[in-house]
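Residue numbers (full-length UniProt numbering): 1 to 194.
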């Protein structure tokens, strides 16, 4: 009887050990599955965000395409009207500003749009991840572009003669202005800045 009891205890211990090992394996599998579930949920969220970003870009491009089509429709009609009157269109005048103020405004707009396009391109590069652009590099580049844009805007406002800032360049209301974006004050040097 004692031998039978020992055999039963040994079998019971072996069974318990085996059951404990299986339970540990199952718990480890459950932990791994839970971890993978979280990883998949994170990936799904990332893909949703990328999809929303892409849809936003597509919508933006669609709106810009529509604006371009409307502009082309309006301007092609003007060109056709001018051509119908027998006048020759001077392409150089259509592109090059006629005076210094228009040239300054055109250059300012070109700078702003170039910076905006560069930031959008960096944003797309960061979203796609194909260029190896890191978040740190992206932030540094965008920061530099924004600082450049701010400095250009400030220098245009302080040095302009087009009246965009609503005051004269020297700051005391004399109406000073100059060609090519350089201001000259009509008051004597002692009167400036007072």
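Here a beta-carbon is modelled for each residue, glycine too, at the ideal position from N, C-alpha and C.
Cβ separation of residue i and residue j, assumed to be a contact under 8 Å, to the nearest whole Å
i: residue 50; j: residue 127; result: 6 Å
i: residue 152; j: residue 111; result: 6 Å
i: residue 125; j: residue 131; result: 5 Å
i: residue 144; j: residue 122; result: At roughly 11 Å, the Cβ-Cβ gap does not stay under 8 Å, so residue 144 and residue 122 are not in contact.
i: residue 75; j: residue 115; result: So it is not a contact: roughly 26 Å between Cβ atoms.
Collapsed DSSP secondary structure at residue i in the structure displayed
i: residue 68; result: helix
i: residue 40; result: helix
i: residue 135; result: helix
i: residue 28; result: helix
i: residue 96; result: coil
i: residue 88; result: coil
i: residue 23; result: helix
i: residue 1; result: coil
i: residue 169; result: Caution is warranted here: a pLDDT of 44 is assigned to residue 169, below 50, making its placement in the model unreliable, and the coordinate value is therefore given only provisionally. Three-state DSSP puts residue 169 in coil, outside helix and strand.
Extent of the continuous alpha helix (DSSP H) to which residue i belongs
i: residue 111; result: 100 to 128
Assigned exposure category for residue i - 16 Cβ within 10 Å defines buried
i: residue 1; result: exposed
i: residue 40; result: exposed
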